[in-house]
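Undergrad: Residue numbers (the UniProt record's numbering): 1 to 146.
Every residue gets a Cβ at the ideal spot worked out from N, C-alpha and C, and that includes glycine.
Right, I'll just put the structure down here and ask away after.
Set out below in structure tokens:
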């Protein structure tokens with residue numbers, strides 16, 4: 001019997017919750033909720049005593065996959081590598097299908113977020129690019145073609 005019922009969300013810990021939320025909202029996600037979480041539940045799940053976090057849950061259009069952004073109020077966050085490349089262990093990227101890849105890449109550039117590499121094409125069916133988003137998050141943008 002399989003254990004997984006459905007894919008629920010990906011969670012990313014960030015330092016500037018408002019700025020990262022604004023980026024993903026401008027990309028097309030919608031805020032589903034925002035709340036503080038603390039107490040026995042959080043301490044048990046994350047294994048950090050006396051922790052408090054603020055989360056924003058974002059929902060993508062269509063399929064309903066969600067993205068959870070979390071900012072630790074207590075204890076302070078531990079810095080990661082904001083210039084991590086795709087071969088660094090850990091979360092590789094968060095990926096979205098877009099209607100117009102070039103328009104999405106141009107928008108990201110106008111907001112100060114550049115390409116990690118370039119725009120690639122895969123077997124005539126997809127065009128894709130990695131954008132280095134806020135706090136170094138690699139955002140994969142893909143457009144179906146052909």
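1. Cα-Cα, which of 15, 4, 47, 118 is closest to residue 78?
2. Alpha carbons only, please: which of 103, 104, 68, 75 is nearest the one belonging to residue 13?
3. Identify the continuous beta strand (DSSP E) that holds residue 36 and give its terminal residues.
4. Determine the closest residue to residue 82 out of 97, 93, 55, with distance taken between C-alpha atoms.
5. Hey, is the region 95-105 in contact with the region 42-49, meaning 3+ C-beta pairs nearer than 8 Å?
6. Measure the CB-CB distance between residue 71 and residue 57 and report whether it falls below 7 Å.
7. For the beta strand (DSSP E) containing residue 95, list its first residue and its last residue.
8. DSSP on residue 72, reduced to helix/strand/coil?
9. Sorted by chain position, which residues of the same chain lie with C-beta nearer than 6 Å to residue 42's C-beta, five sequence neighbours on each side aside?
TA: By the coordinates alone:
1. Comparing alpha-carbon positions, the option among 15, 4, 47, 118 lying closest to residue 78 turns out to be 15.
2. Minimum Cα distance to residue 13 is reached at 68.
3. First-last of the beta strand (DSSP E) with residue 36: 30-38.
4. The option with the nearest alpha carbon to residue 82 is 93.
5. Counting C-beta pairs with one atom in each stretch, the region 95-105 and the region 42-49 have fewer than three that are closer than 8 Å, which means they do not touch.
6. Taking the C-beta atoms as reference points, residue 57 is found no nearer than 7 Å to residue 71.
7. Its beta strand (DSSP E) spans residues 94-97.
8. Strand, per DSSP.
9. Cβ neighbours of residue 42 within its own chain (closer than 6 Å, five residues either side excluded): 51.
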